[in-house]
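Undergrad: Input: one structure, supplied below.
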Amino acid sequence: MLHRTIHLFRKELRLHDNPVLLAALQSSEALYPVYILDRAFLTSSMHIGALRWHFLLQSLEDLHKNLCQLGSCLLVIQGEYETVLRDHIQKWSITQVTLDAEMEPFYKEMEANIQCLGAELGFEVLSLGSHSLYDTQRILDINGGSPPLTYKRFLHILSLLGDPEVPVRNLTAEDFQKEGLSSCLPGLEKKLRVKDVLCLALHEERRCSAPDPDLAECYRVPLPVDLKISPENLSPWRGGETEGLQRLEQHLTDQGWVASFTKPRTIPNSLLPSTTGLSPYFSMGCLSVRTFFYRLSNIYAQAKHHSLPPVSLQGQLLWREFFYTVASATPNFTQMAGNPICLQICWYKDAERLHKWKMAQTGFPWIDAIMTQLRQEGWIHHLARHAVACFLTRGDLWISWEEGMKVFEELLLDADYSINAGNWMWLSASAFFHQYTRIFCPVRFGKRTDPQGNYIRKYLPILKNFPSKYIYEPWTASEEEQKQAGCIIGRDYPFPMVNHKEASDHNLQLMRQVREEQHRTAQLTRDDADDPMEIKVKRDHTEENISKGKVARTTE
DNA sequence: ATATCGTTGGCTTG
DNA sequence: CAAGCCAACGATAT
């Protein structure tokens, strides 16, 4: 029996390699492609900021256009998702809801709630994942249930698993216009596409005998102004599958560049991205990682030599998988407390200093330029992320990585629950990375790849007339030189908020202390422990946290 | 038990 | 500008 289906788009905002949408089409006589714009959810669970709102709306508009070309359309419905679903299940006599499976707790909770609703209202739920290359559960199973904590070990497990699943075929107009399928609302269909009117289900034709003139208006993709989001958008990234695919193709034409890509050698302060800059498209599912993975495999197969993980382009996709895997099996992954893999550190709470960092007012041009690019454009290079993250946490300010993570979540177009938290733990040497004596210098680090400071001049124009020898440390210029540059330090641009040498030396000592204490407590715990499990959670040894962790594990 | 090694530091030396 | 040192962690391999 064929279903009457609502397909819920959540993250996978694309028509290529979209397995659950394909399955929805194949199992349905009527299909409603829906995006529920639940502002409370997007704000409180996903913490999306203004730039990401723009990117999301652009992606929805593009999805709508692409669906229209195939004889369908996107129905955007604003409201709380459960209420919206409840209303439309009845209104449209729905028997099936399909949706992309996602791994974030808030998306999983949403899916569980939809399952419950299905049991109550009598519709089936089908969800399939396509956001990652591998099913994280299979990786965990091979590793004996616990996540691999090193990339090397992770790669080893992948070598046992083999290549990821290949992408499903692209959707075509035939999929949407097959005999007897009606896709989207009949009234809307006629409005949006006069030529190819679908063969409609009988009862739907009856219902729409008096088409609502406001139907199209009612389901359209809202504009930023409708959502009271500032129309200002300086980001060069434009959301959507079409733009994402264009950028992908553009990068793949340079096969030599693709084959020899070596991440640590890319330049954090080039004025145009030295990496692909595709992350925003992957994070919102405008692009399929499986599609990219296999396009890379094809190029590697033709190349004489190619780079390898961890530094290769494919290796970058695998880093993403690595963090998904660890996040999926670690309780409280996005926080320190109750997170068994995270070093427990007593960070300073200093709202004023945090604010300076966040608002690009640290007085270190290299740091402030990066934070300005982040704020204006929503994307910064990976190494630039390292520089500002190290500065905020173990390097200079000794402020919790969770605070930095929240700022990135709001400002980054590619913000991703697992990857963001994982990298912040990495940079703060709280997990994954342990060579804490390696501290980025906020003056020296950027100089290597941009001695003229063109990057700083672009993002901090107030400093643009300083000679190159002062551009990374303008406070060392004499009063006369500052006047000449048209920028007085302390008036037009702040003095550095810390003495880097003193701050980083001090923090290094703190970090040593933390490790020493950790070591001692682990020793104590080991001596006391009857239960060998207690040793495993030595990193986070308080009673409360252990029980929290155990509860979270068993409910998974 | 012990050795190995880590995607991307900074500094000195030859 | 490449190599080695710094001081040294901790997950994994052996």
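Numbering (UniProt numbering), first residue to last: 1 to 556.
Positions of the beta carbon are idealized from the N, C-alpha and C atoms, including for glycine.
None of these values were measured; they are calculated from a predicted model.
Under 8 Å by Cβ, that's how I've got residue 54 and residue 280 pegged, so tell me the actual separation to the nearest angstrom.
TA: Residue 54 to residue 280, Cβ: 11 Å. No contact.
Undergrad: If we count the other Cβ atoms within 10 Å of its Cβ and call it buried at 16 or more, is residue 476 buried or exposed?
TA: By the neighbour-count rule (16 or more Cβ atoms within 10 Å), residue 476 is not buried but exposed.
Undergrad: Using 8 Å as the Cβ pair cut-off and three pairs as the minimum, do the segment 405 to 422 and the segment 438 to 454 touch?
TA: Verdict: no, contact absent.
Undergrad: Tell me the start and end of each unbroken alpha helix (DSSP H) in the segment 457 to 501 that is at least 4 residues and wholly inside, in chain order.
TA: DSSP runs (the alpha helix (DSSP H)) wholly in the segment 457 to 501: 468 to 471, 479 to 485.
Undergrad: If you measure between the beta carbons of residue 37 and residue 31, is that distance less than 8 Å?
TA: Going by C-beta atoms, residue 37 is not nearer than 8 Å to residue 31.
Undergrad: Using a 10 Å radius around the Cβ and a threshold of 16 neighbouring Cβ atoms, would you call residue 452 buried or exposed?
TA: Answer is exposed; the Cβ neighbour count stays below 16.
Undergrad: Between the Cα of residue 228 and those of 51, 481, 158, spot the shortest distance and give me the residue it belongs to.
TA: Closest option to residue 228, Cα to Cα, is 51.
Undergrad: By DSSP, does residue 436 sit in helix, in strand, or in coil?
TA: If DSSP states are grouped into helix, strand and coil, residue 436 belongs with coil.
Undergrad: What does residue 28 pair with, by DSSP beta-bridge criteria?
TA: Beta-bridge pairing links residue 28 to 3.
Undergrad: Pull up the CB-CB distance for residue 449 and residue 267, whole angstroms please, since I reckon it's below 8 Å.
TA: About 5 Å separates the two Cβ atoms, so the contact holds.
Undergrad: In or out: residue 112 buried (at least 16 other Cβ within 10 Å) or exposed?
TA: Exposed: under 16 other Cβ atoms inside 10 Å.
Undergrad: Hey, out of 13, 2, 7, 173, whose CA is closest to residue 287's CA?
TA: Ranking 13, 2, 7, 173 by Cα distance to residue 287 puts 13 first.
Undergrad: Which complete beta strand (DSSP E) runs does the segment 131 to 195 hold, if anything under 3 residues is left out?
TA: As far as the segment 131 to 195 is concerned, it has no whole beta strand (DSSP E) run of at least 3 residues.
Undergrad: Let me know if residue 1 comes out buried or exposed under the rule of 16 or more other beta-carbons within 10 Å of its beta-carbon.
TA: The residue is exposed, with fewer than 16 neighbouring Cβ atoms inside 10 Å.
Undergrad: Between the beta-carbon of residue 134 and the beta-carbon of residue 161, is there less than 8 Å?
TA: Yes, they are a contact pair.
Undergrad: Just mark residue 195 as buried or exposed, buried being the case when its beta carbon has 16 or more other beta carbons within 10 Å.
TA: Unreliable placement is indicated for residue 195, whose pLDDT of 30 sits below 50; the coordinate value is still reported in the next sentence. With fewer than 16 other Cβ atoms within 10 Å, it is exposed.
Undergrad: Could you tell me the distance, in whole angstroms, from the CA atom of residue 376 to the CA atom of residue 353?
TA: Cα to Cα, residue 376 sits roughly 21 Å from residue 353.
Undergrad: Specify, as a first and last residue, the run of the beta strand (DSSP E) that residue 128 falls within.
TA: Counting along the chain, the beta strand (DSSP E) containing residue 128 begins and ends at 124 to 129.
Undergrad: Which residue marks the beginning of the beta strand (DSSP E) containing residue 77, and which one marks its end?
TA: From DSSP, the beta strand (DSSP E) with residue 77 extends over 75 to 78.
Undergrad: Please report the residue range of the beta strand (DSSP E) in which residue 97 lies.
TA: First-last of the beta strand (DSSP E) with residue 97: 96 to 101.
Undergrad: Identify the residues that DSSP records as bridge partners of residue 36: which are they?
TA: Its beta-bridge partners are 77.
Undergrad: In whole angstroms, what separates the C-alpha of residue 185 from that of residue 96?
TA: So the two alpha carbons sit approximately 16 Å from each other.
Undergrad: Is it buried or exposed for residue 302, if we count other Cβ within 10 angstroms and need 16 for buried?
TA: Result: exposed.
Undergrad: Of the residues 5, 105, 172, 63, which one's Cα is nearest the Cα of residue 70?
TA: Selected option, being the one with the closest Cα: 172.
Undergrad: What does the alpha-carbon distance come out to for the pair residue 273 and residue 244?
TA: About 15 Å.
Undergrad: With which residues is residue 564 paired in a DSSP beta bridge?
TA: Since the displayed the chain opens at 1 and closes at 556, residue 564 lies outside it and no answer follows.
Undergrad: Can residue 494 and residue 361 be called in contact, C-beta distance under 8 Å?
TA: Yes, the Cβ-Cβ distance between residue 494 and residue 361 is below 8 Å.
Undergrad: Enumerated in chain order, which unbroken segments of the alpha helix (DSSP H) with a length of 4 residues or greater are wholly contained in the segment 304 to 329?
TA: Listed in chain order, they are 313 to 328.
Undergrad: Hey, is the segment 81 to 99 in contact with the segment 384 to 402, meaning 3+ C-beta pairs nearer than 8 Å?
TA: No, the segment 81 to 99 is not in contact with the segment 384 to 402.
Undergrad: Quick one: is residue 429 buried, meaning 16 or more other Cβ sit within 10 Å of its Cβ, or exposed?
TA: Looking at its Cβ environment, which holds 16 or more other Cβ atoms inside 10 Å, residue 429 is buried.
Undergrad: In angstroms with no decimal places, state the Cα-to-Cα distance between residue 433 and residue 310.
TA: Using only the alpha carbons, I get a separation of about 14 Å.
Undergrad: Looking only at its own chain, which residues have a Cβ that is under 8 Å from the Cβ of residue 188, when we skip the five neighbours before and after it?
TA: Contacts found: 73, 75, 215, 216, 219.
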